[in-house]
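K.L.:
Could you have a look at this structure, given as structure tokens, before my questions?
Protein chains: 2
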Amino acid sequence: MSEGVEWAMHCAVILGGLEPGAVLAGKTLAEMHGVSESYLLKHLKALVQGRVLESVPGPRGGYRLARAASEITMLDVVQAIEGTEPAFRCTEIRAQGPCAAPPEACARKACAIKIAMLRAEKAWRDSLRGQAISDIANSLVHDIEPPRFAAMGEWLAERVR
Amino acid sequence: MSEGVEWAMHCAVILGGLEPGAVLAGKTLAEMHGVSESYLLKHLKALVQGRVLESVPGPRGGYRLARAASEITMLDVVQAIEGTEPAFRCTEIRAQGPCAAPPEACARKACAIKIAMLRAEKAWRDSLRGQAISDIANSLVHDIEPPRFAAMGEWLAERVR
Numbered sequence: 112m113s114e115g116v117e118w119a120m121h122c123a124v125i126l127g128g129l130e131p132g133a134v135l136a137g138k139t140l141a142e143m144h145g146v147s148e149s150y151l152l153k154h155l156k157a158l159v160q161g162r163v164l165e166s167v168p169g170p171r172g173g174y175r176l177a178r179a180a181s182e183i184t185m186l187d188v189v190q191a192i193e194g195t196e197p198a199f200r201c202t203e204i205r206a207q208g209p210c211a212a213p214p215e216a217c218a219r220k221a222c223a224i225k226i227a228m229l230r231a232e233k234a235w236r237d238s239l240r241g242q243a244i245s246d247i248a249n250s251l252v253h254d255i256e257p258p259r260f261a262a263m264g265e266w267l268a269e270r271v272r
Numbered sequence: 112m113s114e115g116v117e118w119a120m121h122c123a124v125i126l127g128g129l130e131p132g133a134v135l136a137g138k139t140l141a142e143m144h145g146v147s148e149s150y151l152l153k154h155l156k157a158l159v160q161g162r163v164l165e166s167v168p169g170p171r172g173g174y175r176l177a178r179a180a181s182e183i184t185m186l187d188v189v190q191a192i193e194g195t196e197p198a199f200r201c202t203e204i205r206a207q208g209p210c211a212a213p214p215e216a217c218a219r220k221a222c223a224i225k226i227a228m229l230r231a232e233k234a235w236r237d238s239l240r241g242q243a244i245s246d247i248a249n250s251l252v253h254d255i256e257p258p259r260f261a262a263m264g265e266w267l268a269e270r271v272r
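Read top to bottom, the protein sequences are chains A and X. Each residue of the first sequence is one higher than the last, beginning at 112 in my numbering. Each residue of the second sequence is one higher than the last, beginning at 112 in my numbering.
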């Protein structure tokens, strides 16, 4: 999984803490997290395409969540960065070789291996779908000592648009 | 995920159907599934290292399951091929930048994002751990028409060691 998932998740949490309509520049998000601005911009673009973020153009523009943090799940963020293709690749090798299953048998029922592998991926997706960005933000805020939380708020207040 | 997972899973199922102690050569497993022998050997080696398979050396040697098919799970096979590292990579970016969490705060509690991402991976592992190779074999046998199952048995009987 790309490092972009970690970056995207942190950005979504920070953007979820802004007042409605407010935005942060990609440069600010990169500086805050100490990551490469050019790499982060690529991931922010993917988040816009995945409808997790909205991009506001112009010199006072930036990024904001596309909807309430309670309505964006971790799965939305992961799939915006990593895509929605299953991790398991079934190339139907049961249809190859001297004991190959005929095409009609393959068409009738998916391979039991594929079914079980995709069932596991569904369990992974269900877990991520059960966690909204707002849930993660609440946990993170709970973990931050109040003085650091206040300093973070001040740093952001000077840069929010 | 590498194509090796699909190949390894099919090989484990086939080897689980042999009489106790019997082996199949890597060449036979490759021919049966219509896949590259050299690539498959690399994956079979990983399965031996992961204690899913045992390798019997010598001109009449080959591969067999390391224990009963009911005691080998899909997770064992996947982890033998893909390793046990989590897919999600946490680089602790909360400890970077102008609002960085201090090292002692990071040591005290893992980042809520990491916790949630790893919880999802545990759900995936739990699902795969709940499926033994024998369960998959039973499903696959159920899906095969009896004449093709008999032909497959004959093909294997000529090659089993």
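The C-beta atom is built at its ideal place from N, Cα and C for all residues, glycine as well.
(1) So, X/V134 versus X/R272, is the Cβ gap smaller than 8 Å?
(2) Whole angstroms are fine: how far does the CA of A/R200 sit from the CA of A/S245?
(3) In angstroms with no decimal places, state the Cα-to-Cα distance between A/E220 and X/S166.
(4) Measure how close the beta-carbons of A/P197 and A/E142 come, nearest whole angstrom, since I'm counting them as under 8 Å.
(5) Along the beta strand (DSSP E) that carries A/L176, what are the first and last residues, could you check?
(6) Please classify A/T139: does DSSP put it in a helix, a strand, or coil?
(7) Taking A/V116 as the reference, give the member of A/R178, A/A136, A/G137, A/D187 with the closest Cα.
(8) Who are the neighbours of A/I204 on chain X, taking C-beta pairs under 7 Å?
(9) How many whole angstroms separate the CB atoms of A/I204 and X/I247, which I take to be in contact at a CB cut-off of 8 Å?
(10) Name the two residues that bound the continuous alpha helix (DSSP H) containing A/L164.
(11) Would X/A216 and A/E148 qualify as a contact pair, given that the criterion is a beta-carbon distance under 8 Å?
(12) Could you tell me whether any Cβ in chain A is nearer than 8 Å to the Cβ of X/D187?
(13) Which residue or residues does DSSP assign as beta-bridge partners of X/T184?
(14) Under the rule that 16 or more other beta-carbon atoms within 10 Å means buried, what is X/T139, buried or exposed?
(15) Whose CA, out of X/F260, X/K153, X/W266, lies closest to the CA of A/P213?
(16) Using a Cβ-Cβ distance under 8 Å, would A/S250 count as near chain X?
(17) Report all residues from its chain with a CB closer than 7 Å to the CB of X/Q242; omit the five preceding and five following residues, and keep chain order.
(18) Spell out whether any CB of chain A is found under 8 Å from the CB atom of X/P209.
(19) Under 8 Å, do X/A136 and X/V163 count as touching if we go by C-beta distance?
(20) Determine, using beta carbons only, whether A/R175 and A/G145 come nearer to each other than 8 Å.
(21) Using C-beta distances below 7 Å, list every residue in its chain close to X/S113, excluding the 5 sequence neighbours before and after it, in chain order.
P.N.:
In short, the structure shows the following:
(1) Position 23 of the second sequence holds residue 134 of chain X. Position 161 of the second sequence holds residue 272 of chain X. Result yes, Cβ atoms of X/V134 and X/R272 sit closer than 8 Å.
(2) Sequence index remark: in the first sequence, residue 245 of chain A carries index 134 (1-based). Sequence index remark: in the first sequence, residue 200 of chain A carries index 89 (1-based). One Cα belongs to A/S245, the other to A/R200, and the distance between them is close to 33 Å.
(3) For the purposes of this step, residue 220 of chain A is taken as the residue at position 109 of the first sequence. For the purposes of this step, residue 166 of chain X is taken as the residue at position 55 of the second sequence. The question names Glu, but residue 220 of chain A is Lys in the sequence shown. The alpha-carbon atoms of A/K220 and X/S166 are separated by roughly 33 Å.
(4) Taking the first residue of the first sequence as position 1, residue 197 of chain A is located at position 86. Taking the first residue of the first sequence as position 1, residue 142 of chain A is located at position 31. About 36 Å; that fails the 8 Å criterion.
(5) Translated into the one-based positions of the first sequence, residue 176 of chain A becomes position 65. Run containing A/L176: 173 to 176, per the beta strand (DSSP E) assignment.
(6) One-based indexing of the first sequence puts residue 139 of chain A at position 28. A/T139 falls in the helix class under three-state DSSP.
(7) On the first sequence, position 5 is the one that residue 116 of chain A refers to. Among A/R178, A/A136, A/G137, A/D187, the Cα nearest to that of A/V116 is on A/D187.
(8) Here residue 204 of chain A is taken as the residue at index 93 of the first sequence, counted from 1. Within 7 Å Cβ-Cβ: E117, W118, H121, H144, G145, V146.
(9) Along the first sequence, read from residue 1 onward, the residue named residue 204 of chain A stands at position 93. Along the second sequence, read from residue 1 onward, the residue named residue 247 of chain X stands at position 136. With 8 Å as the limit, A/I204 and X/I247 do not qualify as a contact, their Cβ atoms being about 14 Å apart.
(10) Residue 164 of chain A sits at position 53 when you count from the first residue of the first sequence. Here A/L164 belongs to no alpha helix (DSSP H); instead the beta strand (DSSP E) covers 164 to 167.
(11) Residue numbering aside, residue 216 of chain X sits at position 105 when the second sequence is read from its first letter. Residue numbering aside, residue 148 of chain A sits at position 37 when the first sequence is read from its first letter. No, Cβ-Cβ distance for X/A216 and A/E148 is not below 8 Å.
(12) Counting from one through the second sequence, the residue named residue 187 of chain X turns up at place 76. It does not; no Cβ of chain A falls within 8 Å.
(13) Against the second sequence, residue 184 of chain X aligns to sequence position 73. In DSSP, X/T184 forms a bridge with X/A243.
(14) By 1-based counting over the second sequence, the position of residue 139 of chain X is 28. If you draw a 10 Å sphere on the C-beta of X/T139, you find 16 or more other C-beta atoms in it, and that means buried.
(15) Counted from its first residue, the first sequence places residue 213 of chain A at position 102. Closest option to A/P213, Cα to Cα, is X/F260.
(16) Taking the first residue of the first sequence as 1, we reach residue 250 of chain A at position 139. Answer yes: the Cβ-Cβ gap between A/S250 and chain X drops below 8 Å somewhere.
(17) By one-based count along the second sequence, residue 242 of chain X stands at place 131. Correct list, in chain order: T184, M185.
(18) Mapped onto the second sequence, residue 209 of chain X falls at position 98. X/P209 counts as touching chain A.
(19) Taking the second sequence and counting its residues from 1, the one referred to as residue 136 of chain X is at position 25. Taking the second sequence and counting its residues from 1, the one referred to as residue 163 of chain X is at position 52. Taking 8 Å as the Cβ cut-off, X/A136 and X/V163 do not qualify as a contacting pair.
(20) Position 64 of the first sequence holds residue 175 of chain A. Position 34 of the first sequence holds residue 145 of chain A. It is not a contact, given that the beta carbons lie outside the stated cut-off.
(21) By 1-based counting over the second sequence, the position of residue 113 of chain X is 2. Taken in chain order, the residues that qualify are I192, E193.
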